[in-house]
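226 is the number that our numbering gives to position 226 of the sequence shown; each next residue is one higher, with no gaps.
Where is the CB? At the ideal position from N, CA and C, for every residue including glycine.
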Amino acid sequence: EHVYHTVNVAEAHVETQALAKIPIACEYPDVFPEELPRLPPDRDVEFRIDLVPGTAPVSKRPYRMAPDELKELKTQLQEQLDKGFIRPSSSPWGCPTLFVEKKDQGGKRLCVDYRPLNAVTVKNKYPLPYIDILFDQLGGATVFSKIDLRSGYHQIKVQEEDIPKTTFSTRCKLYEYLVMSFGLTNAPAFFMYLMNSVFMNELNKFVVVFINDILVYSKNEKEHEEHLRKVLSRLREHKLYAKFSKCTFRLKEMAFLGHILSAKGVAVDPSKVEDVLNWKQPQTRVTTAASSKISLNAKPMTALTQKNAKFAWSPKCEEAFGMLKKLLTSAPVLAQPDITKPFDVYCDASGNGLGCVLMQEGRVIAYASSQLRKHEVNYPTHDLELLAVVYALKKWRHYLLGNTCHIYTDHKSLKYIFTQPELNMRQRHWLELIKYYDLEVHYHPRKANVAADALSHKAHCNFIEARPTVRILCCEIGEIDTPIVQQAELYNLIIEPTIKDQIIAEQKKDKGMVHIRDGINEKKKACFMHDEEGVLWFKNRLVVPKGMELRKKIVDEAHTSMFTMHPDSNKIYQDLKQKF
């Protein structure tokens with residue numbers, strides 16, 4: 001205990017010294033205390049735990065702990081007793097305790113397993129914000145500061161009548177919390193409500209709040225000083241305290257909520273993809289199969305997953321594995337939207353899905369793709385392309401409504417949708433939605449629209465036509481030299497054409513196929529041909545060897561595919577006859 005206390009004092013001394021060197025922050029030392037005061041002040045609202053009607057108290061036995069955990073438990077209980085955060089209890093409620101490792105500074109955090117209580121608690125529906133929506137307001141910001149509250153939950157009192165419900169059990173005693181505890185189901189929502197109330201006048205102007213993380217952003221240094229003073233004054237006014245060692249001030253580039261913020265836009269935090277970069281070389285066929293689904297670049301690895309293939313990790317596999325990790329960890333920097341400027345939306349539809357890219361001044365703001373619903377699969381091409389436009393308008397309504405936007409599509413007839421004399425009911429319904437937007441539709445050929453085109457193929461791929469589709473996509477992406485489209489590979493090319501690969505492999509083994517190939521070479525088999533990859537075709541149909549296992553797999557795939565909607569045997573036969 002003596003050592004633990006000494007370390008805390010030493011850290012606090014360093015914090016105090018560092019605080020004195022930070023402009024603006026040094027004017028508010030009371031906002032950055034070494035420890036929280038005994039109990040939070042009385043506020044207008046306190047944390048409540050409303051129960052489902054008819055609920056009886058729930059009590060669970062404590063978990064067993066190792067000797068060193070029991071020693072740590074005693075220390076932390078005494079600390080919280082001294083601060084007044086907990087008190088002994090005789091409540092009929094009781095949940096067990098456990099320790100979790102602190103990821104930032106080491107040590108153990110005492111937690112209560114409140115699952116039994118949470119199961120009978122009426123849920124607080126106060127919404128937590130979407131992170132991408134929070135970032136939308138950062139356009140033009142060049143200076144950032146981040147303030148992290150010190151044990152934020154412990155800065156809120158629990159309503160007196162609900163204190164007994166927070167009771168937790170230890171080996172010797174019961175204790176109950178007087179402050180909000182980690183693990184309570186409604187704690188994040190309530191804390192979010194409190195923070196939004198505190199910063200009501202600053203939100204969406206120069207402050208972003210996500211639970212206990214506060215981001216202050218400004219367009220320049222002078223403006224940032226003013227904003228920072230307002231935020232720290234607000235914390236002082238409401239007696240909310242921050243942990244100085246976890247705060248950062250006046251940076252041009254800031255890590256926040258798993259992203260890197262800068263004047264350039266929002267990028268993925270490299271530390272969050274470190275686990276991917278540290279993936280070890282696969283040692284088994286199962287591991288390789290799981291990895292191979294990520295990207296078409298892993299073709300040498302997928303070969304190892306084929307039936308009867310010998311697992312031998314080659315230099316080509318290692319190269320593919322490295323490329324796989326690179327693709328997963330090289331996401332593009334997404335630009336922040338500027339609502340004073342027009343938007344560009346690139347849309348495309350395929351038989352598999354919808355793909356859209358939102359851009360502004362040549363920079364990507366967002367990507368979106370969606371699978372087709374069962375009834376949408378049967379839409380004619382014109383309606384599918386219009387559906388992609390409608391999907392984009394709905395998806396990015398918060399950007400596009402009230403702003404000028406240019407819609408780019410590779411379907412030429414959509415240019416005339418507003419002057420088309422005859423419309424079906426579906427098109428009329430969609431035009432009712434579209435008319436509220438200030439938009440212009442432009443024709444854009446497929447090669448120039450490859451990012452949206454690739455996204456529209458992303459969700460699912462017909463199992464026989466997968467390989468030619470992928471080949472076309474790869475070629476088209478290779479011909480585009482803009483950095484925006486080059487990055488699309490990360491999102492789009494997740495397609496695994498397994499059936500055709502198996503057919504090709506079986507063709508090479510089948511003795512009957514050897515005779516057919518000989519006949520082709522001798523020009524005795526006019527109806528047969530083989531392509532540049534050596535794949536055998538009968539006119540325009542793929543030749544399937546006689547193996548029953550493979551044929552059964554093809555029939556099963558045709559029956560269960562999402563594109564066929566479980567047809568009868570005659571329909572399956574007619575469909576397969578066109579391809580095999």
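Which value, in whole angstroms, describes the spacing of the CA atoms of residue 128 and residue 433?
Approximately 28 Å between the Cα atoms of the pair.
Can you have a look at residue 384 and say buried or exposed, based on whether 16 or more other CB atoms are within 10 angstroms of its CB?
It counts as buried.
Rounded to whole angstroms, what's the CA-CA distance from residue 507 to residue 578? Just pull it up for me.
Between residue 507 and residue 578, the C-alpha separation is close to 19 Å.
In the DSSP assignment, find the unbroken alpha helix (DSSP H) run with residue 25 in it and report its ends.
Counting along the chain, residue 25 falls outside any alpha helix (DSSP H), and DSSP gives it neither H nor E.
Would you report the Cα separation of residue 449 and residue 337, rounded to the nearest angstrom?
For residue 449, the predicted structure reports a pLDDT of 49, less than 50, and the residue's modelled location is therefore unreliable. A value from the coordinates is still provided. Distance between the alpha carbons of residue 449 and residue 337: 21 Å.
If you compare alpha carbons, which of 119, 347, 178 is closest to residue 396?
Selected option, being the one with the closest Cα: 347.
For residue 48, I'd like the list of residues in its chain whose CB is within less than 6 Å of its CB, leaving aside the five on either flank, ordered along the chain.
So the qualifying residues of the chain are 159, 162.
Provide the residue span of the alpha helix (DSSP H) that contains residue 60, from first to last.
Careful: residue 60 lies outside any alpha helix (DSSP H) and carries neither H nor E.
When you compare only the Cα positions, how much space is there between residue 190 and residue 93?
Roughly 22 Å between the two C-alpha positions.
How do the region 27–45 and the region 241–252 stand: do at least 3 beta-carbon pairs fall below 8 Å, yes or no?
Judged by Cβ distances under 8 Å, the region 27–45 makes contact with the region 241–252, as three or more pairs qualify.
With DSSP as the reference, label residue 441 as helix, strand or coil.
Strand at residue 441.
Return the CA-CA distance between residue 180 and residue 95, expressed in angstroms with no decimal places.
Their Cα atoms are separated by approximately 15 Å.
What first and last residue would you give for the alpha helix (DSSP H) that runs through residue 197?
Run containing residue 197: 187–198, per the alpha helix (DSSP H) assignment.
Helix, strand or coil, according to DSSP, for residue 428 in the structure here?
Residue 428: helix per DSSP, three-state reduction.
Using a Cβ-Cβ cut-off of 8 Å (strictly less than) and excluding sequence neighbours within five positions of residue 36, which residues of its own chain qualify?
Cβ within range, chain order: 83, 150, 151, 154, 155, 241.
For the beta strand (DSSP E) containing residue 235, name the first residue and the last one.
First-last for residue 235: 221–237, but that is the alpha helix (DSSP H), not the beta strand (DSSP E).
Given this structure, state the Cα-to-Cα distance separating residue 89 from residue 187, to the nearest angstrom.
Approximately 21 Å, taken between the alpha carbons.
By the 10 Å Cβ neighbour count, where 16 or more other Cβ atoms means buried, how is residue 527 classified, buried or exposed?
By the neighbour-count rule (16 or more Cβ atoms within 10 Å), residue 527 is not buried but exposed.
Report yes if the CB atom of residue 536 is closer than 9 Å to the CB atom of residue 516, and no otherwise.
Going by C-beta atoms, residue 536 is nearer than 9 Å to residue 516.
Nearest to residue 380 by alpha carbon, out of 260, 406, 411, 358?
Closest by alpha carbon: 411.
If you draw a straight line from the alpha carbon of residue 387 to that of residue 422, how long is it in whole angstroms?
C-alpha separation (whole angstroms): 17 Å.
When you compare only the Cα positions, how much space is there between residue 520 and residue 514?
So the alpha carbons of these two residues sit roughly 10 Å apart.
Could you tell me which residues DSSP pairs with residue 217 in its beta bridges?
Its beta-bridge partners are 144.
Is DSSP giving residue 100 helix, strand or coil here?
The answer is strand: DSSP assigns residue 100 an E or B state.
How would you label residue 398, buried or exposed, when you count the other beta carbons within 10 angstroms and need 16 or more for buried?
Residue 398 comes out exposed.
Using only CA atoms, which one of 408, 403, 405, 435 lies nearest to residue 418?
The shortest Cα separation from residue 418 among 408, 403, 405, 435 belongs to 435.
Would the beta-carbon of residue 215 be found less than 8 Å away from any heavy atom of the ligand NAP?
This structure does not include the ligand NAP; it has no bound ligands of any sort.
Residue 550: which of 510, 518, 538, 574 sits nearest, CA to CA?
The shortest C-alpha separation from residue 550 is found at 510.
Return the residue from the list 404, 439, 265 that minimises the CA-CA distance to residue 416.
Minimum Cα distance to residue 416 is reached at 439.
Report yes if the C-beta distance between residue 199 and residue 109 is below 9 Å; otherwise report no.
No.
Quick check: the Cα distance between residue 61 and residue 218, rounded to an integer number of angstroms?
Each residue's Cα considered, the two are about 51 Å apart.
Rounded to whole angstroms, what's the CA-CA distance from residue 239 to residue 202? Just pull it up for me.
One C-alpha to the other measures close to 17 Å.
Out of 321, 206, 205, 213, which has the shortest C-alpha to C-alpha gap to residue 195?
Per the Cα distances, 213.
Rank 360, 363, 342 by C-alpha distance to the C-alpha of residue 404 and give the top, closest one.
Of 360, 363, 342, the residue nearest in Cα terms is 342.
Our contact map puts residue 126 next to residue 192 with C-beta atoms below 8 Å; I'd like the distance itself, whole angstroms only.
The Cβ separation is near 6 Å, so the contact holds.
So, is residue 367 buried or exposed, given that buried needs 16 or more other C-beta atoms within 10 angstroms?
By the neighbour-count rule (16 or more Cβ atoms within 10 Å), residue 367 is buried.
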